[in-house]
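A quick write-up on the structure given underneath.
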Amino acid sequence: MLEIKSMTIAEITQLMGQWGEPSFRGKQIFQWLHRGVTSFEDMTNLSKPLREKLARECILTIPVVEQKQISREDGTIKYLWRLGDGNCVETVLMRYHHGNTVCISCQVGCRMGCAFCASTIGGKVRDLTPAEMLDQVLFTQIDSGLPISNIVLMGIGEPLDNFDTVLRFLELVNSPDGMNIGMRHISLSTCGLVEGLDRLAEKKLQLTLSVSLHAPDDATRNQIMPVNRSVGVAKLMAACERYFKTTGRRISFEYIMIDGMNDTDEHADKLGDWLEGTGSHVNLIPLNEVAESPFKPSRRVREFQKRLEKRGITATVRRKLGGDIDASCGQLRRKRMEEERT
Ligand code: SAH
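Those letters in the sequence shown? Residues 29 to 370, by our numbering.
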């Protein structure tokens with residue numbers, strides 16, 4: 029069975045050619061899919077036999093709202109979607125002044141093993157498909173009734189560990205015949221897979237790249253991000269520099285502030301050494317406490333920020349949204365997994 033929502037207009041058009049249909053059917057079908065139809069039957073400008081053939085030959089992914097939490101504080105909505113095979117993923121809708129932003133997942137679970145993160149606790153179950161990534165944007169917009177203008181790939185999973193799918197998703201969501209969300213309105217966050225960074229640089233996309241650095245030296249980073257053990261901070265920073273040279277786009281560095289782990293003056297100074305004069309931006313993230321992890325939020329966020337700013341590095345502190353719901357990634361899925369086990 030073909031997962032037709034993962035196909036581009038060109039591919040659907042080619043398929044219609046093989047089926048002996050006129051080529052304009054490709055665009056018609058693509059448009060229906062990207063409007064979120066839940067049945068081929070609803071594609072009313074297609075002939076009845078074609079709709080029946082589509083239903084026989086193709087899968088139509090339709091995520092089901094398994095759980096929905098709405099923050100009373102700021103209107104943030106968190107969705108737990110049930111996928112076709114029974115797995116669940118999370119999507120968060122955040123309401124900013126500059127528009128509604130969805131934070132989407134790219135894998136069921138994650139295999140990167142970061143010590144502070146709830147998404148990685150059960151390992152990676154499987155990659156999502158392009159359609160399943162698109163559905164999170166599409167069905168969040170449909171269910172909430174709120175037009176979505178921005179996307180961040182910061183939910184469950186590591187985007188560069190599902191590289192081809194993520195690139196295809198970007199092409200789909202960017203399409204003028206689909207959701208038409210511009211690359212400049214999309215951010216991709218990675219734990220820093222060097223090979224993936226180099227591959228992404230070659231695509232020269234206009235998106236914003238965020239690198240989850242979280243520590244400026246190997247001794248610290250190895251402890252909290254196992255992925256660092258094979259690469260090291262120096263090679264990662266060199267890849268970041270290559271990315272900037274190739275794309276002309278500055279990278280934003282994410283830095284979770286963890287009490288007593290990565291928040292000393294020495295850490296700030298080492299971070300400053302890497303970033304001074306590069307024009308990079310640092311986003312300091314207050315740690316969200318995860319039940320399974322011993323880490324506590326740092327109490328030195330402002331001091332750390334000021335120490336960076338003294339060296340001319342722009343550092344902002346991420347505003348916390350959805351604090352009254354389980355809005356940080358992986359938590360809702362974890363809870364549901366625990367419930368289903370008992
Ligand atoms: N795998 C990608 C994207 C998903 S995680 C990455 O590593 O960037 C998105 C961001 O949330 C990352 O910066 C990640 O480090 C951060 N994060 C994970 N667990 C967190 C927690 N408990 N508190 C605050 N931020 C967390």
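Beta carbons are placed, not taken as given, at the ideal position from N, Cα and C, and that holds for glycine.
| Query | Result |
| --- | --- |
| Is S217 a contact residue of ligand 1, with contact defined as CB to any heavy atom under 7 Å? | yes |
| Please report the distance separating the alpha-carbon of V93 from that of L61. | 19 Å |
| For G53, count the other beta carbons within 10 Å of its own beta carbon; 16 or more makes it buried, fewer makes it exposed. Which is it? | In the sequence as displayed, the identity of residue 53 is Arg instead of Gly. R53 is buried by the Cβ-count criterion. |
| Could you tell me whether the Cβ atoms of V117 and V130 are closer together than 8 Å? | no |
| Assuming M265 is part of the alpha helix (DSSP H), what are its boundary residues? | V261 to T275 |
| Would you report the Cα separation of R110 and C134, rounded to the nearest angstrom? | 14 Å |
| Spatial neighbours of G351 within its chain, please: C-beta separation below 7 Å, excluding the five flanking residues on both sides. | E101 |
| Out of K338, I179, F144 and L264, which one is the CA nearest neighbour of R212? | I179 |
| Exposed or buried, what is E69 when buried is set at 16 or more other beta-carbons lying within 10 Å of its beta-carbon? | exposed |
| On the criterion of 16 or more Cβ atoms from any shown chain inside 10 Å, does D163 qualify as buried, or is it exposed? | buried |
| What separation, rounded to the nearest whole angstrom, lies between the Cα atoms of K273 and Q169? | 36 Å |
| For ligand 1, is there a heavy atom less than 7 Å away from the beta-carbon of G45? | no |
| Sorted by chain position, which residues of the same chain lie with C-beta nearer than 7 Å to R347's C-beta, five sequence neighbours on each side aside? | none |
| In the region 322-365, which residue ranges form an unbroken alpha helix (DSSP H) of at least 4 residues, counting only runs that do not cross its ends? | 329-337 |
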